[in-house]
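Residues are numbered in the numbering used here as their position in the sequence shown, beginning at 1, plus a constant of 26.
For each residue, glycine too, the CB sits at the ideal point set by N, CA and C.
The structure under discussion appears below in the form of structure tokens.
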Amino acid sequence: MPSRRELANAIRALSMDAIQKANSGHPGAPMGMADIAEVLWNGYMNHNPANPKWPNRDRFVMSNGHGSMLLYSLAHLTGYDLSMEEIKKFRQLHSKTPGHPEYGYAPGVETTTGPLGQGIANAVGMAIAEKVLAGQFNRPDQNIIDHYTYVFLGDGCMMEGISHEACSLAGTWGLGKLIAFYDDNGISIDGEVQGWFTDDTPKRFEAYGWHVISKVDGHDAEAVKQAIEQARAVTDKPSLICCKTVIGWGSPNKQGKESCHGAALGADEVALVRKTIGWEHEPFVIPENIYEGWDAKAKGAKLEQAWNEKLAAYEKAYPELAAELNRRSKGELPAHFLEQANTFISSVDAKQEKIASRKASQNALNGLGPLLPELIGGSADLAGSNLTIWKESKGIKDHADGNYIYFGVREFAMSAIMNGITLHGGFIPYGATFLIFSEYARNALRMAALMKIQSIFVYTHDSIGLGEDGPTHQPVEQTATLRLIPNMSVWRPCDAVESAVAWKMAIKRQKGPSSLIFSRQGLPHQSRSVEQLELIERGGYILLDCDGTPEAIIIATGSEVDLAMAAAKLLNGKGKKVRVVSMPSTDFFDAQDEAYRESVLPSSVTARVAVEAGVTDGWLKYVGLSGKVIGVNRFGESAPAAELFKEYGLTVDNVVQTVEAVL
């Protein structure tokens, strides 16, 4: 049987060889953390390479994602479907081994990492998902949800603000099955971190409420093993194992230096590493006894089989719970959810209420939440303004089986934690703040879109219409820039009915995130036929039409739809032929077939005006060069909403005059 150091050296060899072949990559972290990874994966990780989606597997997150070859080496060596050919194609087009781990490419990759700090935040989300799912499904005699979340992170992750936000919450929530390994090697891209990072990290994490094990020799397998045992023994706190390591361990000329952080070692240095660590094999050659030492397929099959036997007993004792767990694990919606959602939408339409769309959003949660036990969410310290608490909300800190999360003022961490919850499975998460503060969370939104995962971002106070709080709180460019994120679906509804449809579509959409944008001020109900009600989910539809072919079309969203309707009625009363198109979701509208889009916005009608209380450029593709856009291309002011709308030209008179100007 190979020694632990020989097994760890397989990671070092594969990593440096793949990076050298690509002439690109980060060898320092894989070589420095190889000994820690060997102890964890061979001694503690419960996983099954033959079934990477086994629900009760331990999760492993490489937060310092630049060290991706460590993760790819582990997946290959332990028996996942990641061939040596894919290792050789590291960082190449269409390979399963991109430069940073990407969810959905290689098996065993639990999340996309690379933007530092987000991996640990994702891991916090995974750990809270495990804890709440266990609270909802475990019974005193049946512990069916029971697994760990392990995460590797480095100095860069520790410096990023999101790690402070997320780790503070992890301590508050007492996530005892979250164990993080801090690669304390003192080196980042610019060199020795003592010039810019002198935090007392153990004390910081102790202050967060973590169990901290400091000064562990990351190259001593026995010391690492003892630290893991200590961490697993503490069940009411997350654990941080601070491992002192040497970056690029084994490289005689580059270890301990920034030169091995983000560049291939070079052919000569790779050869020297082989001699230094006693690795006598050619590049990409792994001896059979090393493969045997790493192979986790048989162990993984036994672990999953044992769990399946527990599941069978659970199914017998609690058949309804077991069926529900199975459904949620598969990511399937309840059997009659869409039908019931449509019934709820019809009931909202019948009420004809004038309410703020943020209140309509809360009503939607009250209407749809009881139909969807996997719904979990919260707000970044704005629940009373975002209106995210609904009648069956239960805080997760006080209720093991809860469904509501108080995130505190942590927009970025909230969003990345939501992504981790989604990735774990069993939940559909939502998280809310003011639209202006989507800026704080932007990279987590991008990551959700990149991973094609279902996180629902709720944003209220959607325009200068929030009034007196002024330009620091008044979003102008945010809705437009959210629409620019590939695979991000954005809804800005005009009334309670469109708000309910937006929630339904976000819940239905499983291949990407959604941003739901709601108003602070009251919005009047818009009357619709049954056909129009059904067309809302197509993203854009004719809300008000004229006889025959229209002479002009007004396109609007959100609070500006009512302006468009009033203006069109005045113009039609003057003998003009004006159509109003409500477009709550440009991306859903753009996804419709050409025939439908042409029926709503016929190319023959070039007199078009778009109205939205935000920056205007994005609407040019709908109005064309001969059309006009009424919007807000400068920052707001502190004043009552009605005064601001008049100041910025968001009035019925201005819409009428603008339409007349393009006719």
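State the DSSP-derived secondary structure class of residue i, mapped to helix, strand or coil.
i    : result
T684 : helix
I267 : strand
L569 : strand
M531 : helix
W517 : strand
D210 : strand
A668 : helix
F661 : coil
P455 : strand
G404 : strand
F310 : coil
H126 : coil
F223 : coil
D488 : coil
V678 : helix
A617 : coil
G421 : strand
E186 : coil
S441 : helix
Tell me, to the nearest whole angstrom, how far the beta carbon of residue i is from that of residue j; I am working on the premise that it is less than 8 Å.
i    : j    : result
G202 : P264 : 7 Å
V682 : A633 : With 8 Å as the limit, V682 and A633 do not qualify as a contact, their Cβ atoms being about 13 Å apart.
P53  : G274 : 6 Å
I462 : P501 : 5 Å
I422 : L449 : Rounded, the Cβ-Cβ distance is 18 Å, inconsistent with contact.
P28  : I205 : Not really, about 26 Å apart at Cβ, beyond 8 Å.
V649 : V635 : 7 Å
P455 : G403 : 6 Å
R623 : F615 : 7 Å
G548 : K672 : Not really, about 17 Å apart at Cβ, beyond 8 Å.
I482 : P399 : With 8 Å as the limit, I482 and P399 do not qualify as a contact, their Cβ atoms being about 16 Å apart.
For residue i and residue j, what's the separation of their Cα atoms in angstroms?
i    : j    : result
S383 : G452 : 28 Å
G496 : E669 : 12 Å
D424 : V158 : 11 Å
H126 : L408 : 34 Å
A322 : D61  : 17 Å
P124 : V87  : 16 Å
F231 : V678 : 56 Å
E136 : S629 : 46 Å
H120 : A76  : 23 Å
Q220 : G212 : 7 Å
Y473 : F433 : According to the sequence shown, residue 473 is Met rather than Tyr. Rounded to whole angstroms, M473 to F433 spans 19 Å at the Cα level.
M591 : Y340 : 57 Å
R38  : A101 : 14 Å
E330 : P81  : 9 Å
N680 : F661 : 20 Å
R564 : V527 : 10 Å
V626 : T583 : 15 Å
M110 : T104 : 12 Å
Mind checking residue i: buried by the 16 CB within 10 Å criterion, or exposed?
i    : result
Q388 : buried
H92  : buried
D84  : buried
V311 : exposed
H73  : buried
F335 : Before going on, a small fix: residue 335 reads as Glu here, not Phe. The residue in question, E335, is exposed, as its Cβ has fewer than 16 Cβ neighbours within 10 Å.
R4   : Past the boundaries of the shown model lies residue 4; the chain is included only from 27 to 689, so the question cannot be answered.
Q552 : buried
G644 : buried
N429 : buried
D375 : buried
Q690 : Outside the displayed range of the chain (27 to 689) lies residue 690, so it cannot be described from this structure.
T459 : buried
S652 : exposed
D588 : buried
T139 : buried
How about residue i: is its Cβ closer than 7 Å to a heavy atom in the ligand GDP?
i    : result
Q683 : As presented, the structure is devoid of all ligands, the ligand GDP included, so that no description of it is given.
**Study point:** Three or more C-beta pairs below 8 Å linking the region 555-565 and the region 406-426
**Key:** no
Practice item. Could you tell me whether the region 571-585 touches the region 507-516, where touching means 3 or more Cβ pairs closer than 8 Å? Key: no
**Study point:** Touch test, the region 434-444 against the region 186-195, Cβ-Cβ under 8 Å, three pairs minimum
**Key:** yes
Practice item. Specify whether the region 140-154 and the region 174-181 touch according to this definition: at least 3 beta carbon pairs, one from each stretch, less than 8 Å apart. Key: yes
Review point. Is it true that the region 290-303 meets the region 93-101, where meeting means three or more beta-carbon pairs spaced less than 8 Å apart?
Key: no
Point to revise | Touching by the beta-carbon criterion (3+ pairs, under 8 Å), the region 30-37 and the region 284-291 | key: no
Review point. Between the region 568-575 and the region 594-613, do at least 3 Cβ pairs fall closer than 8 Å?
Key: yes
Point to revise | Validate contact between the region 636-651 and the region 476-493 using beta carbons, cut 8 Å, 3 pairs | key: yes
Exercise for review: Check whether the region 62-69 touches the region 107-121, counting contact only when three or more Cβ pairs, one atom from each stretch, lie closer than 8 Å.
Suggested key: no
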